[in-house]
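S.K.:
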Amino acid sequence: MTSMCEATTRVLPGAAVIELAGEVDGSAAGVLTAAYERAVTASADSADLGTVVLDFAAVDYINSTGIALIVSVLARARAERRKVVASGLSAHYREIFDITRLSDFIELFPDLDRAVSQLGTA
Amino acid sequence: MTQVARPTPERLDAFTLPSQPGNERLALARVAGTVRGRGLSDARLERLKTAVAEATMNAIEHGNGNRAEIPVEVEVTRSGDDITVAISDQGGEAHPGEAHPGEAHPGDGDHEEPDLVKKLDGAQSPRGWGLFLIRNMVDAMDITTDGQRHTIWLTMRTTGAAHDEHV
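Chains F and B, in that order, are what the protein sequence lines are.
Following numbering that gives the first Met the number 0, the numbering of the first sequence begins with 0 at its first residue and continues without gaps.
Following numbering that gives the first Met the number 0, the numbering of the second sequence begins with 0 at its first residue and continues without gaps.
1. Pull the bridge partners of residue 61 of chain B from the DSSP assignment, please.
2. So, using beta-carbon positions, are residue 169 of chain B and residue 153 of chain B closer together than 8 Å?
3. If you draw a straight line from the alpha carbon of residue 19 of chain B to that of residue 74 of chain F, how long is it in whole angstroms?
4. What residues of chain F sit near residue 132 of chain B, judged by a beta carbon separation below 9 Å?
5. Assuming residue 17 of chain F and residue 54 of chain F make a contact with CB atoms under 8 Å, what is their CB distance in whole Å?
6. Counting contacts by CB-CB distance shorter than 8 Å, is residue 10 of chain F in contact with chain B?
7. Any C-beta of chain B sitting closer than 8 Å to the C-beta of residue 74 of chain F?
8. Starting from residue 153 of chain B and walking both ways along the beta strand (DSSP E), at which residues does that stretch end?
9. Could you work out which residues of chain B lie near residue 70 of chain F, taking near to mean beta carbons separated by less than 8 Å?
10. Between residue 90 of chain F and chain B, is the shortest Cβ-Cβ distance under 8 Å, so that the two count as touching?
11. Within 10 Å of its beta-carbon, does residue 80 of chain B have 16 or more other beta-carbons around it, so buried, or fewer, so exposed?
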């Protein structure tokens with residue numbers, strides 16, 4: 000019943016999209032870190048990576064350890080002066096982003112298309 | 000003196016799980032199946048599922064030390080309008096998040112109220128959200144310790160919608 004976290008990285012002008020699938024829990028640490036590294040590396044030569052979009056549309060479970068991983072990504076991105084936005088969160092996980100105050104630092108979009116289009120990268 | 004009769008709790012389910020990482024998902028699914036259709040909205044059921052998963056994860060990791068041979072016990076009861084999930088381990092007092100300030104606990108820094116700004120500044124571990132999430136997900140939370148037996152009680156009212164509107 001469990002599904003390991005998977006991540007696909009796409010680089011767009013001015014942004015990188017990390018599409019997550021499965022479960023964002025402790026087992027996702029390596030996947031998420033590697034996806035972020037890919038995003039940074041892939042964009043380094045081609046475009047300015049101003050924004051990292053985390054897409055959760057295919058994520059079915061986030062636990063407290065997963066929240067900690069997202070905090071770590073956000074902390075690193077802020078240190079590197081990159082913006083982080085999120086899309087595709089269910090109502091329940093949007094609520095958790097509100098409770099934890101992650102939504103104070105990560106703008107939330109209903110879906111990836113709207114996140115990308117509002118970033119001006121479509 | 001008038002005595003108010005309290006309803007006797009009705010046991011809806013009781014089961015045990017080996018203390019292995021990941022088994023919190025089994026607890027979540029089974030509790031959800033038990034309480035679904037008993038008066039919780041979908042949003043409140045999702046909250047209870049998250050609380051059950053976090054509490055079971057704590058019991059597995061911090062209470063029973065990931066020792067599979069020590070079971071985590073889960074009991075679901077209903078008393079009047081309240082649905083309560085009790086999750087027990089054999090960790091006694093050794094639970095992070097329930098200690099007095101300044102008391103050292105190894106691991107995830109769950110003993111300090113999580114502060115995202117501090118976490119982003121590196122002044123606090125990125126971890127430590129478990130008990131915070133549980134408290135914010137349920138209508139009532141209680142913790143009891145009887146010798147080595149440590150139990151967290153998670154209660155959701157099936158009639159009130161107030162928590163839905165104010166979180």
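Even for Gly, the Cβ is constructed at its ideal location relative to N, Cα and C.
M.R.: Let me spell this out:
1. The residue given as residue 61 of chain B occupies position 62 in the second sequence. Among the bridge pairs identified by DSSP, residue 61 of chain B is matched with none.
2. Nothing can be reported for residue 169 of chain B, as the shown portion of chain B is limited to 0 through 166.
3. For this step, residue 19 of chain B is matched to residue 20 along the second sequence. For this step, residue 74 of chain F is matched to residue 75 along the first sequence. Going from the Cα of residue 19 of chain B to the Cα of residue 74 of chain F covers about 30 Å.
4. As a first step, residue 132 of chain B is located in the second sequence; it is residue number 133 there, counting from the start. Within chain F, the residues near residue 132 of chain B are 62, 63, 66, 95, 98 and 99.
5. Along the first sequence, read from residue 1 onward, the residue named residue 17 of chain F stands at position 18. Along the first sequence, read from residue 1 onward, the residue named residue 54 of chain F stands at position 55. With a Cβ gap of about 7 Å, residue 17 of chain F and residue 54 of chain F count as contacting.
6. Counting from one through the first sequence, the residue named residue 10 of chain F turns up at place 11. It does not: the Cβ of residue 10 of chain F has no partner Cβ on chain B nearer than 8 Å.
7. Along the first sequence, one-based indexing puts residue 74 of chain F at 75. Chain B, which has a Cβ nearer than 8 Å to the Cβ of residue 74 of chain F, makes this yes.
8. Position 154 of the second sequence holds residue 153 of chain B. Looking at the DSSP string, the run of the beta strand (DSSP E) that includes residue 153 of chain B is 148-156.
9. Locating residue 70 of chain F in the first sequence gives position 71, where the first residue counts as 1. Those are 115, 118, 119 and 125, listed as they occur along chain B.
10. Counting from one through the first sequence, the residue named residue 90 of chain F turns up at place 91. Taking Cβ atoms only, chain B reaches closer than 8 Å to residue 90 of chain F, which makes this a yes.
11. For the purposes of this step, residue 80 of chain B is taken as the residue at position 81 of the second sequence. With fewer than 16 neighbouring CB atoms inside 10 Å of its own CB, residue 80 of chain B falls in the exposed class.
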